[in-house]
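Q: The sequence shown begins at 50 in my numbering and counts up one residue at a time. Beta carbons: idealized from backbone N, C-alpha and C, even for Gly. Quick caveat: nothing in here was measured; it's all calculated off a predicted structure.
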Amino acid sequence: MTVQSSCRDDFPALRRKIDGQTISYLDNGATTLKPRSVIDAVTEYYETNGANIHRGKHRLSEEASDAYEASRTVLARHIGAAANEVVLLRNTSEAINLVAGGLELPPDAYIVGCMDAHHSQILPWRRAGRLDLTKVDGYGRLDRDHFRELLRGRPQVVALTHCSNVTGVVHPVEELIEEVRAACDAVIVLDAAQSLPHERVNVHKLDVDFMAFSMHKMLGPTGVGCLFGRSELLAKLRPQNVGGGMVDWVDLDGSVDRRTPFKFESGTPAIASVIGCAAAIRYLEGLDADGQRQHGHDLCAALVGGAIDRPGVSLIGPPDVKARIPLATLRLADGVPAGEVARLLSDSHGYMVRSGHMCAQPLVTELAGGEVLRVSAYVYNDVAEIEGFYGALDELLSWMAPAARTGAGRT
50 MTVQSSCRDD FPALRRKIDG QTISYLDNGA TTLKPRSVID AVTEYYETNG ANIHRGKHRL
110 SEEASDAYEA SRTVLARHIG AAANEVVLLR NTSEAINLVA GGLELPPDAY IVGCMDAHHS
170 QILPWRRAGR LDLTKVDGYG RLDRDHFREL LRGRPQVVAL THCSNVTGVV HPVEELIEEV
230 RAACDAVIVL DAAQSLPHER VNVHKLDVDF MAFSMHKMLG PTGVGCLFGR SELLAKLRPQ
290 NVGGGMVDWV DLDGSVDRRT PFKFESGTPA IASVIGCAAA IRYLEGLDAD GQRQHGHDLC
350 AALVGGAIDR PGVSLIGPPD VKARIPLATL RLADGVPAGE VARLLSDSHG YMVRSGHMCA
410 QPLVTELAGG EVLRVSAYVY NDVAEIEGFY GALDELLSWM APAARTGAGR T
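1) Quick check: what's the CA-CA separation for L225 versus H211?
2) Closest to A166 by CA distance: which of K106, L239, P375 and F60 is it?
3) Check whether the region 370-381 and the region 337-357 are in contact - that is, three or more C-beta pairs closer than 8 Å.
4) If you check the beta carbons only, do A231 and C163 fall under 9 Å apart?
5) According to the neighbour-count rule (16 or more other Cβ atoms, all chains shown, within 10 Å of its Cβ), is A125 buried or exposed?
6) I think R6 touches V390, with their Cβ atoms under 8 Å apart; what is that distance to the nearest whole Å?
7) Which parts of the region 394-450 are runs of the alpha helix (DSSP H), unbroken and 4 residues or longer, counting only runs that do not cross its ends?
8) Can you name the start and end residues of the alpha helix (DSSP H) that N339 belongs to?
9) Report yes or no: do the region 433-445 and the region 352-369 share at least 3 C-beta pairs separated by less than 8 Å?
10) Which complete beta strand (DSSP E) runs does the region 226-286 hold, if anything under 3 residues is left out?
11) Nearest CA to the CA of P90: which residue from H253, I330 and G355?
12) Flag this pair as yes or no: are the beta carbons of E415 and R342 separated by less than 9 Å?
13) With a threshold of 16 other CB atoms inside 10 Å of the CB of W174, please say whether the residue is buried or exposed.
14) With burial defined as no fewer than 16 other Cβ atoms inside 10 Å of the residue's Cβ, what is the status of A321: buried or exposed?
15) Going by the CB atoms, is the gap between E93 and S280 shorter than 9 Å?
16) Any idea what DSSP makes of G366, helix, strand or coil?
17) With DSSP collapsed to three states, give me the class of Q70.
18) Going by C-alpha to C-alpha distance, which of T80, G345, T122 and F60 sits closest to G272?
19) Quick one: residues in its chain with C-beta nearer than 7 Å to the C-beta of L137, no 5 flanking neighbours on either side, listed in chain order?
20) When the cut-off is 9 Å and only beta carbons count, does A242 lie next to chain D?
21) So D306 is in the beta strand (DSSP E); what residue range does that whole segment cover?
22) Leaving aside the five residues before and after R459 along the sequence, list all residues of the same chain whose C-beta is less than 8 Å from its C-beta, in chain order.
23) Taking Cβ to Cβ, would you say V236 is nearer than 9 Å to V123?
24) If you reduce the DSSP assignment to three classes, tell me which class L379 lands in.
25) From D186 to V299, what distance separates their C-alpha atoms?
26) Measuring straight from C-alpha to C-alpha, what distance separates Q170 and S142?
27) Does the region 70-79 touch the region 394-413, meaning 3 or more C-beta pairs lie closer than 8 Å?
28) Can you tell me where the beta strand (DSSP E) with V299 in it begins and where it stops?
29) Please check the pair V219 and I128, which I expect to be a contact at CB under 8 Å, by giving their CB distance rounded to whole angstroms.
30) Among residues of its own chain, excluding the 5 on either side of L283, which ones have a beta-carbon nearer than 6 Å to its beta-carbon?
31) When the distance is taken between beta carbons, is F311 closer than 9 Å to G292?
32) How would you call D58, buried or exposed, if buried means at least 16 neighbouring beta carbons within 10 angstroms?
33) The alpha helix (DSSP H) that contains I88, what's its start and end?
34) Determine the direct distance from the alpha carbon of D181 to that of D194, and round the result to whole angstroms.
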């Protein structure tokens, strides 16, 4: 399958209209829409099975268990991992929390993170130890000198962000990981929630210790987050949730945990969603990789080019398409409320975009000083939609902030 406009036909949600206006979904950095194959996989489980997994010997339970574990294998192979190295959780946040709490670090543990991290890659580490964030420049690119300076403090954990959900910048994590390995014996935890939907990685070639991502950002159902961990490190993690499904034996004196990854998966999981995630991976792997890469580049060029020197709009992030995903975050002219603009773009023009601090408030405050507007594209979007979005934004700004028409800016 090639990436082209006909890809839209695979996504039923794109047939919706709001007040007669066909929608244009440009909030993919938050979550992506689901293709028919994913919806069918979820529906088939509920229509033909619906049983719990790993809890019975009857036919339906065994079929559901087999489908669930086969899906884990599909997810693992997509990132070059073994099935027993992938823990299935609810989201990226839960995955990172599992590592941050499960390592059982001393209270004064020194941890290095990134200024452009999502709150999910800041708050768990702030709770786990003493966190220092690597600075970024005015475009959101990592300050490599400051990173090296922090590594000289010999951190126990380095929490890396592969791609910013604000600037769209993809950091050179291969180089960063090499620098960490040369400088100290830190555990490296990578947040790949924004990058993996756009480019596959091989966790073992990357030499990362843990990697977290969410399937809902790459065409899968909500409610499934994945944690890769090296086998020897996963074995040392302490489960953060205990209960049914994660033990082999319980008596009055104690209990025996199951082997990894099952000891981290207590309770009944999102069975249908995990099965749907395997369908999402198969869909993505069915796309032409080179075509998808070029398509992403074209979308990125349209997003960045549309923001540069546009009256009333300042681009947050680099003014080029090098090492970034098709995402543009915009600071609007003073006095123009981003949330109201997002609502009007939706209700009057059919463009679904994000407003706010993007769950990365330290970075947004640093680079924009307040709430922003984010436009993020994916496989079912095209350049014409980006151009249409900017036209609609111009129309709104023309009457919401006439003064902004003469004040182009760039950060």
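A: Short version:
1) Residue 225 sits at position 176 when you count from the first residue of the sequence shown. Residue 211 sits at position 162 when you count from the first residue of the sequence shown. Whole-angstrom Cα-Cα distance: 10 Å.
2) As a first step, residue 166 is located in the sequence shown; it is residue number 117 there, counting from the start. Of the listed residues, the one whose Cα sits closest to A166 is L239.
3) yes
4) Locating residue 231 in the sequence shown gives position 182, counting from the first residue. Locating residue 163 in the sequence shown gives position 114, counting from the first residue. No. Outside cutoff.
5) The residue you call residue 125 lines up with position 76 of the sequence shown. Buried, because 16 or more other Cβ atoms sit within 10 Å of the Cβ of A125.
6) Limits of the chain in this structure are 50 at one end and 460 at the other, which puts residue 6 out of reach.
7) 410-416 and 432-449
8) For this step, residue 339 is matched to residue 290 along the sequence shown. With the sequence shown as reference, residue 339 is identified as Asp, and Asn is not the correct amino acid for it. Here the alpha helix (DSSP H) through D339 covers A338 to A356.
9) yes
10) 236-240, 259-263 and 274-278
11) Position 41 of the sequence shown, counted from the first residue, corresponds to residue 90. One point to set straight first is that residue 90 is Ala, not Pro, in the sequence displayed. Minimum Cα distance to A90 is reached at I330.
12) Here residue 415 corresponds to residue number 366 of the sequence shown, with the count starting at 1. Here residue 342 corresponds to residue number 293 of the sequence shown, with the count starting at 1. Against a cut-off of 9 Å, the Cβ pair of R342 and E415 comes out as no contact.
13) By 1-based counting over the sequence shown, the position of residue 174 is 125. Buried, because 16 or more other Cβ atoms sit within 10 Å of the Cβ of W174.
14) Taking the first residue of the sequence shown as position 1, residue 321 is located at position 272. So A321 ends up on the buried side.
15) The count along the sequence shown starts at 1 and reaches residue 280 at position 231. The count along the sequence shown starts at 1 and reaches residue 93 at position 44. Contact flag unset, no.
16) On the sequence shown, residue 366 is found 317 positions in, with the first residue counted as 1. Of the three classes helix, strand and coil, the one that applies to G366 here is coil, per DSSP.
17) Taking the sequence shown and counting its residues from 1, one reaches residue 70 at position 21. If DSSP states are grouped into helix, strand and coil, Q70 belongs with the strands.
18) What you label residue 272 is simply residue 223 of the sequence shown in a count that begins at 1. Out of T80, G345, T122 and F60, T80 has the C-alpha closest to the C-alpha of G272.
19) Stepping through the sequence shown from its first residue, residue 137 is reached at position 88. Here the set comprises R121, V273, C275, E314, P318 and V323.
20) Although the question refers to chain D, the structure presented lacks it and comprises just one protein chain.
21) On the sequence shown, position 257 is the one that residue 306 refers to. Where D306 is concerned, the enclosing beta strand (DSSP E) stretches over G303 to D306.
22) As a first step, residue 459 is located in the sequence shown; it is residue number 410 there, counting from the start. Unreliable placement is indicated for R459, whose pLDDT of 38 sits below 50; no coordinate value is reported for it.
23) Within the sequence shown, numbered from 1, the residue matching residue 236 stands at position 187. Within the sequence shown, numbered from 1, the residue matching residue 123 stands at position 74. Not closer than 9 Å, so no.
24) Locating residue 379 in the sequence shown gives position 330, counting from the first residue. Reduced to three states, the DSSP call for L379 is strand.
25) Numbered from 1 along the sequence shown, position 137 holds the residue referred to as residue 186. Numbered from 1 along the sequence shown, position 250 holds the residue referred to as residue 299. One C-alpha to the other measures close to 53 Å.
26) Reading the sequence shown from its first residue, position 121 is the one you call residue 170. Reading the sequence shown from its first residue, position 93 is the one you call residue 142. In a straight line, the C-alpha of Q170 is about 8 Å away from that of S142.
27) yes
28) By 1-based counting over the sequence shown, the position of residue 299 is 250. Its beta strand (DSSP E) spans residues V296 to D300.
29) Translated into positions along the sequence shown, residue 219 becomes position 170. Translated into positions along the sequence shown, residue 128 becomes position 79. That pair is no contact at about 16 Å.
30) Indexing the sequence shown from 1 puts residue 283 at position 234. Cβ within range, chain order: T309.
31) By 1-based counting over the sequence shown, the position of residue 292 is 243. By 1-based counting over the sequence shown, the position of residue 311 is 262. Going by C-beta atoms, G292 is not nearer than 9 Å to F311.
32) In the sequence shown, the residue the question calls residue 58 occupies position 9. By the 10 Å Cβ count, D58 comes out exposed.
33) As a working mapping, residue 88 is identified with position 39 in the sequence shown. Per DSSP, I88 belongs to the alpha helix (DSSP H) from R85 to T97.
34) By 1-based counting over the sequence shown, the position of residue 194 is 145. By 1-based counting over the sequence shown, the position of residue 181 is 132. Roughly 14 Å separates the two Cα atoms.
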